[in-house]
Amino acid sequence: MKDLSTGEIGTLVSAYDWSQTPLGAAETWSAELQAAVELLVIEIDRAKTSSEDPHPSLFKAQQRHDTLLNEMDKGFVIFEMLFDSELKPVDYRYLETNSLFEPITGLKDVIGKTALEIMPDIEPFWIETYGKVVLTGESVLIEHEVKAMKSWFEVKAFPIDAPQEFRFGVLFTDITDRKLAQERVKLIQERLEISLAAGDVGVWDLDLVSKQAWRSIEHDRIFGYDLLLPEWNYAMFLSHVIPRDREWVNAEFETAIANHTNWEVECCIQRIDGETSWIWTRAASEYNDKGEPVRMYGVVKNVSDRKRQELNNKFLAEIQKDLVILSDPTEIMSVVGEKIRCFFSFSILAFIDINTATNEAMVVYNNRDADILDSVSTHSLGDYLSEIHLGKLKAGQTITIDDVTTDPEIKDGGAAYEIYQVRSVIHSPHLSNGQWKFMLGCHRREPSNWRADEVELIDELTARLYLRISRTRAEQALSESEARFRDMADTAPVLIWMSGTDKLCNYFNQPWLDYAGRTLEQEMGNGWAEGVYADDLQFCLDTYFTAFDAREPFRMEYRFRRFDGQYRWFVDTAHPRFTPEGEFLGYIGSCLDIEDLKRRELNSNFLAEIQKDLAVIEDIDQIMDVVGEKIRLWFDSSIVAFADVDVAADEARTFNTNNDSDIPNAVGIHRLSEYHSDIALQQLKAGQKVAISDVRAEPNIKDNGIAYESWQILSSVSIPYISDGQLKFLMGVHRRVPSVWREDELELMGELILRIYIEIERIRSEAALAKANQRFEAATQAVEGIIFEWSMDTNFVFRSNGLFNLIGVEAKDAPPTSEWWFNLIHPEDQPNIESFFTQIENGQDRYQYEYRVLHTDGRWIDVWEKGKLKRNGAGKIVELVGFISDISDRKRVEEALQHSEEFKNRVLESSSDCIKVLDLNAQLLYMNIGGMGLLEIDDLTPYLNSEWLCFWESEQRQAAEAAFTAAKSGEIGKFQGFCATVKGNPKWWDVVVTPIRDGAGQVVQILSTSRDITEQKRAEEELRQKNAILDVINKCVPTPIFVKDRQGRIIYANPATLTALGKTAAEVIGRYDSDLYSSPEDAVRVMENDQRIMSSGQMEVVEESADGINIFLVMKAPYYNEAGEVIGLVGISYDTLTIAFKLNAIVSVSYNRNKLP
C-alpha cells in the first residue's frame, strides 16, 4: 500500500491539528482514531477516482509487472505443470527460482520437487489455478493465502513456453502485512463511522474546482435534512449561514485556501426546518503540482449546546457579579430581574413567594413589558396551575408550558393568563428545608419550544436569586434585630459584659454600670474586679482564667459590691465567642443578683436542719448544746445564750450558752437592767427584737456597754418570746466585732426562738407529767389500793386492807355490802354509776371508771375503779372482781397538765404562724389567733369541724392529702401550696404536718403549721420573670439556639432555629436530625458530630448545613447532670454569611462605648 507519510495527502493529514477539533482534545483523540480518519480520507479518494475498479492497486501492480520482473525485486519461480491421463492438473514441480524465493517463502531445496511433496496440505486452489494458466495460455494476477505457509501472496502466473511444454512462470510478493493492515483499516473504519455517528460529526470532501462536495449523512442532518441530498455545493453551505456571519465565513474560507492554512470557523446557521444552530467546521486543502487548490477535506459538528452553554455561563457570571454587589432585595429584583427578562426575551419575569398552607402565590416584584398589567399581588395557585403541576412544583420540579391555550392541564384554555398576555410559561420552584418557598415565573407573549439549556439556566438563576434575596432579607432583619437587642440589653434587668482575647473586659451594658454605680471607664479592663468581695476574688479569677484558657463556658457565684456599698451574691454565666472561621474573640457573660434568693435558700435549709434536730432530740441540755452551737456557727457569733425571763424580778436566768472557748460561761442569773436600757426593755416586753450594732456607740446602753466587756461583746441581738402577753424567754446572739445585722438574719432568729421555745416547753411539760405519773404510781404502790370481790347473788363484798388508807375506814369495820360503798359515792357521780351498770349488764365483761368517795375526814377522794365481770352460762353477772385506787394526785397532775396545755395554747396563740389541730379525719379542731389573722378569719366558728383538705384546690389538695396521710402514719409531711385568705387575698404557704401522740405513742391528732411565704414566692416570681426576660431575649435573638438530649433528639429550639429549619416546634421537638434534613448524608454528619462532642465532653465548633446550601457555623457544648454525666448538648448556630454583620455591630457597640466621656 502506498506510504501515507509522503505525498500531498500525507502532508495534509500530518498538518491536521486534531487537538483543536470538537471531536476531542489531544489527550482523548487516540492515535488509532487519527489513523482511521486518515485512511477514511484515502478510501474516499479511491471511491471517487476509481468507482468502476474495486482494486485499483492490483491494476497498478499489473502495469508495473514487466519492470518488476526485469528488476527481479520479487520472488520468481518456474514450474512444470503435472497432469493425469485425462489432462487434469494434479501437481506442479519446481524447476527454477530466483534469489528472493527462499527469503520470501522460507522454502529450501525445492528444485525438482513437487508442491505436494513440499506442502502436502497445499490448497487445491493453487493446482487448479496454475493448471488453467497452462491449458489456456492466459496469465492471472491473484491475491490469495497459502494456508500451509500461513502467508498471503500477490501472484502473477503466466505461461512461458508453448502449452504442450506445460511450463509457467510465477512472479510473487508476500503481502501478509498489507492484508493484515487492510483488515485493521477495515476494523478502524467501522469504529470511526460509529464514533463519528455517536459524536454527531459530519465528514465532507469539496472539489474546489467544481465546488461540488461529497459528504456523509451526518453532515446533511446537521443542516436539518433527514436524508442525504442528491448534491451539495459550497453555495448551498453559504445559503445556510445566517446573513450576519456569511461574509466573514466566506472571507475566512478564501484566506485559508490562499494561505495554504486550515480553514476553521464557528458560525450560526439556519437549518432547513427554520431552527438556528451553531456549527463548527474544520478542513485542510489539497493542491496539485502547480500549487493550485483542488480539494478540501473537512469535518463539521453541531456545537449549539456548547455555544449556548458558553453564553449562559457568561450571563450567569454577570448576574452573579450583580448579586454580590447589590444588597437590597428590591434593587436585586429590579436590576437583575430586568437583565434576565431581556436575556430570555420574556414579557414578564415575576418573583413569587409561596405559601403552601394557604395555596397562595405572592408576587412581590415583576419585570414586564410596558403595556402589560402589573401582577404584584396575592394569587391563588389553583387559578393558574393544575393539581398535577402543583404536585411537581412542591416536589421541586420545574414546569414548562409551551402554550397555555393548548396545554390540557391548564384550566379554561389559559383564561387566567390572558389578562397578562401570556402564552408560554416556565415556573421554576425553589425548596428550602423540603418546603416550596419561592418561584421564578417566566412568561412570553408567544408560544415557545423551551430548550433544556434555557430551563437549566433558569433553575440555576432561581436558586441563586432565592439565596441572595433570602440573605439580604435576613441581613435587614438582623440589622433591625441587633438594634432591638442593644435596646433590650440596656433596659433588661440583666448585667452583660464582654471581654477580648487579652482576657480584659471591653464592654458593660448600662444596667451593669447602674448597678455598680461606676462609669464604663472604671469597669473596663480589670476594673470590675474592684467590686468583687475580697474572699471571692481569687476563686472568681481562677474560674474565669481556667475557662478562658480552655475556651469553655463557665458559671460561678460570687459576691459583688452594689452602688450602695453592699456586697450581694451574683450568678455569672459566660460563653466563649468565635468567628465563623473558628477564631477566638473572647467571652460574653450575663449576671443576675441572687442575694435575696441565696439568703432565703440558705436560711430555709438551716431552719429545716434545726427543725430536724428538734424533732429527734428529747433532752433540753442536748438541744441547747447541739442546736445552740449550730446557731452560733451559722451567725458567726461568739456567744449564743438561752434564758428564762422573770420580768417582775428583773432577771434573765441563763440556763445554757454556746461560746468561743476563751469566753467565760455566762450560765447564771443576770439583771436585765444591767444590759438593756428602759427603751430596749420595753421593746423586748412588746416582743420586738433589740439589735445593737456597737454597744460602745449605742446611746441606750449604760456606761458605754461596760456590762458586755466581761463577755467580749461589741454587737448583740436579743430575741424575745412572749407568752400570755408576758416576756418569758430570750435568745441572745453576740459577736466580738461591731456588726450591721441584716433583716434576713433577724427574721431567721425569730423563727428559731419560736421553734426552740415550743420544743423546750413541750419537753418540760412532758417531764412534769412523767414526774406526776411516777408519784401516782408510787402512791398507788404505797396505798396498794382496794382489792374487792362482790358476789352478786349474796351481795357480799370483800375488801382489802387498803380501805383505811383510802377513806380512813378499816376494812374490818366496813359493812360487806355494795350499798355501804355506794352511799359513800358523791351524789353527783351516783347517777353515772347506775347508768354504767345498766349498760354493762348486757355488754362487756371488763370496765373502768372514775368517781369520788367520802373520806372519814369529810374529804372527797378521787378514785379509779377497774373490774372484771363474771357471768354464768346464761350470761348473767354473778361476780365482780375489781381494784380501787386513789387517783387524787393524778387528778391534780392532770389539772396541772391542763394548765400546761392552756399555757401551750397561749404560746401557740402568740405564734406568727398559722397553727391548726386536726382530728384523724382531717376535721379542723383548733386554729391559733395568729393563724386566723393570717387567713383573715374574724370568727372561727363556721370553720370548726370542717374538713381542712377543703382549704386546698387541685394540685395543692393532692399535696395536702399526701402530707396528711404521712402524718397519720407517724411521719412528717411537707408541701408548699397556694390558698387565698377568706377575704380573697392571695397567699402562698409552707406547710408542715406532724403527728400528735398520746402517752402510749399512738397518733391521736394532727398538727398543721403553715407559714406565710407569699413574699418568698414573690421573690421567686421575680426571679422567674427575670428568667422569662432572658427567655424572651433568647427567642428574639436571630441566632439559632437548640438543645439535644443524649440520644440526639431535639428537646428545645428557639424561634431562630425553627426559622432556619423551616419547621414548627411540633415538627422539631423530639425529632432526630435524620427526621428533619432533606439530605441523609448531611443528617448523618450532624449526628456523628453530636455524638462525638457528647462522648468527648468538649465543646466544638463545626460547619453544618441543613439543606446543602446554607452553611452554618455551629458551636456545640455538652451539658451535665449533678453526677457529672453528659446528658445532652447545647448548640448555637451562626449563618456564615451574616455573622460578619453581627460581629461588626458588636464591635461598633464596643467602640462607641469606649468613646463615652
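Here the sequence shown is numbered in the working numbering, starting from 275 and rising by one per residue. We put the beta carbon where it would ideally sit given N, CA and C, even for glycine. Keep in mind it's a predicted model, so treat the numbers as computed, not measured.
Exercise. Which of the three DSSP states, helix, strand or coil, is assigned to H944?
Worked result: The residue given as residue 944 occupies position 670 in the sequence shown. In the three-state scheme derived from DSSP, where H, G and I count as helix and E and B as strand, H944 is classed as strand.
Exercise. For W1094, which three-state DSSP category applies?
Worked result: As a position in the sequence shown, residue 1094 is number 820, starting the count at 1. Here W1094 sits in helix by DSSP.
For this session: Can you say whether M510 is buried or exposed, counting buried as having 16 or more other CB atoms within 10 angstroms of its CB?
Result: Here residue 510 corresponds to residue number 236 of the sequence shown, with the count starting at 1. With fewer than 16 other CB atoms across the displayed protein chains lying within 10 angstroms of its CB, M510 is exposed.
Exercise. Quick one: Cα of E354 to Cα of F442, how far?
Worked result: Position 80 of the sequence shown, counted from the first residue, corresponds to residue 354. Position 168 of the sequence shown, counted from the first residue, corresponds to residue 442. Here the alpha carbons of F442 and E354 stand approximately 7 Å from one another.
Exercise. What are the start and end residues of each continuous alpha helix (DSSP H) run of 4 or more residues lying completely inside the stretch 861-913, in chain order?
Worked result: Whole alpha helix (DSSP H) segments, 4+ residues: 869-890 and 894-908.
Exercise. Applying the criterion that 16 or more other CB atoms from any shown protein chain within 10 Å of the CB defines a buried residue, is G715 buried or exposed?
Worked result: Counting from one through the sequence shown, the residue named residue 715 turns up at place 441. Here G715 is buried. Its C-beta has 16 or more other C-beta atoms within 10 Å.
Exercise. If you run the structure through DSSP and keep just helix, strand and coil, what is E612?
Worked result: The residue you call residue 612 lines up with position 338 of the sequence shown. Correct three-state label for E612: helix.
For this session: Counting only runs of 3+ residues fully inside the stretch 617-697, write out the beta strand (DSSP E) ranges in chain order.
Result: Every unbroken stretch of the beta strand (DSSP E) spanning 3 or more residues and falling wholly within the stretch 617-697 is given here in chain order: 622-629, 634-642, 652-654 and 673-675.
Exercise. Using CA coordinates, which residue listed in E538, L1098 and E1377 is at the minimum distance from H1129?
Worked result: In the sequence shown, residue 1129 corresponds to position 855, counting from 1. Taking only the C-alpha atoms, the option nearest H1129 is L1098.
Exercise. What residues in its chain sit with their C-beta under 7 Å from that of E1210, if we drop five residues either side in the sequence?
Worked result: To locate residue 1210, count along the sequence shown from 1; it is residue 936. The answer, listed in chain order, is T1255, V1256, K1257 and N1259.
Exercise. Where are the beta strand (DSSP E) runs, 3 residues long or more, that stay fully inside the stretch 353-396, in chain order?
Worked result: With a minimum length of 3 residues, the continuous beta strand (DSSP E) runs that stay inside the stretch 353-396 are 363-371.
For this session: Apply the 10 Å Cβ neighbour rule to Q1230 and answer buried if 16 or more other Cβ atoms are within range, or exposed otherwise.
Result: For this step, residue 1230 is matched to residue 956 along the sequence shown. Q1230 is buried by the Cβ-count criterion.
Problem set entry | A1357 - DSSP class collapsed to helix/strand/coil | Working through the sequence shown from its first residue, we reach residue 1357 at position 1083. When DSSP states are grouped into helix, strand and coil, A1357 belongs to the helix group.
Problem set entry | Through-space distance from D936 to G1006, alpha-carbon basis | For the purposes of this step, residue 1006 is taken as the residue at position 732 of the sequence shown. For the purposes of this step, residue 936 is taken as the residue at position 662 of the sequence shown. C-alpha separation (whole angstroms): 18 Å.
For this session: From the DSSP output, in three-state form, read off R1029 for me.
Result: The residue labelled residue 1029 in the question sits at position 755 within the sequence shown. When secondary structure is reduced to three states using DSSP, R1029 falls in the helix class.
Exercise. With 16 as the cutoff for other CB atoms within 10 Å, does R1133 come out buried or exposed?
Worked result: Counted from its first residue, the sequence shown places residue 1133 at position 859. Exposed, by the Cβ-count rule.
For this session: Consult DSSP for T550 and reduce its assignment to one of helix, strand or coil.
Result: Numbered from 1 along the sequence shown, position 276 holds the residue referred to as residue 550. DSSP places T550 in the strand class (E or B) of the three-state scheme.
Problem set entry | As assigned by DSSP and simplified to three states, the class of A1340 | Reading the sequence shown from its first residue, position 1066 is the one you call residue 1340. A1340 carries a helical assignment under DSSP once its states are collapsed to helix, strand and coil.
For this session: Decide yes or no for the touch test of the stretch 710-726 against the stretch 619-626: beta carbon pairs closer than 8 Å, at least 3 of them.
Result: Contact between the stretch 710-726 and the stretch 619-626 is present: 3 or more CB-CB pairs across the two stretches fall below 8 Å.
Exercise. When the Cβ atoms of the stretch 1016-1023 are set against those of the stretch 1032-1045, are three or more pairs found closer than 8 Å?
Worked result: They do not touch, by the three-pair rule.
Problem set entry | Cβ-Cβ separation, D1187 to G1204 (assumed contact under 8 Å), whole Å | Looking up residue 1204 in the sequence shown gives position 930. Looking up residue 1187 in the sequence shown gives position 913. Their Cβ separation, rounded to whole angstroms, is 6 Å, which keeps G1204 and D1187 in contact under 8 Å.
Problem set entry | Assigned secondary structure, S706 (DSSP; H/G/I helix, E/B strand, else coil) | Taking the first residue of the sequence shown as 1, we reach residue 706 at position 432. DSSP places S706 in strand when its eight states are reduced to three.
Problem set entry | H514, enclosing alpha helix (DSSP H) - first and last residue | Indexing the sequence shown from 1 puts residue 514 at position 240. Annotation for H514: the continuous alpha helix (DSSP H) segment containing it runs Y508 to H514.
Exercise. Can you pull the DSSP bridge partners for G999?
Worked result: The sequence position of residue 999 within the sequence shown is 725, counting from 1. G999 is bridged by DSSP to nothing; it lacks a bridge partner.
Exercise. Taking DSSP as the reference, what is the three-state secondary structure of R742?
Worked result: Working through the sequence shown from its first residue, we reach residue 742 at position 468. In the three-state DSSP reduction, R742 falls in the helix class (H, G or I).
For this session: May I ask you to list the residues that DSSP assigns as paired with C779?
Result: As a first step, residue 779 must be located in the sequence shown, where it is residue number 505. Beta-bridge pairing links C779 to S773 and G799.
Problem set entry | Neighbourhood of N723 by C-beta distance below 8 Å, restricted to the same chain and skipping five residues each side | Counting from one through the sequence shown, the residue named residue 723 turns up at place 449. Within the same chain, and ignoring the five residues on either side of N723 in sequence, the residues whose Cβ sits closer than 8 Å to its Cβ are D676.
For this session: Count the other CB atoms, across all protein chains shown, that sit within 10 Å of the CB of T295; report buried if there are 16 or more and exposed otherwise.
Result: Residue numbering aside, residue 295 sits at position 21 when the sequence shown is read from its first letter. Residue placement at T295 is poorly supported in this model, since its pLDDT is 44, which falls under 50; the coordinates are not used for a value here.
For this session: Enumerate, from N- to C-terminal direction, the unbroken alpha helix (DSSP H) stretches of 4 or more residues contained entirely within the stretch 478-502.
Result: Counting only unbroken stretches of 4 or more residues, the alpha helix (DSSP H) elements lying wholly within the stretch 478-502 are 491-496, in sequence order.
Problem set entry | Beta-carbon proximity list for D596, same chain, < 8 Å, skipping 5 on both sides | Taking the sequence shown and counting its residues from 1, one reaches residue 596 at position 322. Closer than 8 Å at Cβ, skipping near neighbours: I606, V609, V610 and K613.
Exercise. Taking Cβ positions, are L482 and P567 nearer each other than 8 Å?
Worked result: Within the sequence shown, the letter at position 208 stands for residue 482. Within the sequence shown, the letter at position 293 stands for residue 567. Yes, the Cβ-Cβ distance between L482 and P567 is below 8 Å.
Exercise. Which same chain residues, not among the five before or five after F357, have their C-beta less than 6 Å away from its C-beta?
Worked result: Against the sequence shown, residue 357 aligns to sequence position 83. Closer than 6 Å at the Cβ level, and outside the excluded window around F357, lie P363.
Problem set entry | Presumed contact (8 Å Cβ cut-off) between V1400 and Y1394, rounded CB distance | Taking the first residue of the sequence shown as 1, we reach residue 1400 at position 1126. Taking the first residue of the sequence shown as 1, we reach residue 1394 at position 1120. Separation of the CB atoms of V1400 and Y1394 is rounded to 6 Å, and the pair is thereby assigned contact status at 8 Å.
For this session: Any chance you could list the beta strand (DSSP E) runs of at least 3 consecutive residues sitting entirely within the stretch 967-1011, in chain order?
Result: Counting whole runs of 3 or more residues, the stretch 967-1011 contains the beta strand (DSSP E) stretches 989-997 and 1000-1009.
Problem set entry | For K886, the nearest candidate out of V901, D451, K777 and I684 (CA to CA) | Numbered from its first residue, the sequence shown carries residue 886 at position 612. Checking every option, the nearest Cα to that of K886 belongs to V901.
Exercise. Do you know offhand how far I531's Cα is from V539's?
Worked result: Locating residue 531 in the sequence shown gives position 257, where the first residue counts as 1. Locating residue 539 in the sequence shown gives position 265, where the first residue counts as 1. Going from the Cα of I531 to the Cα of V539 covers about 14 Å.
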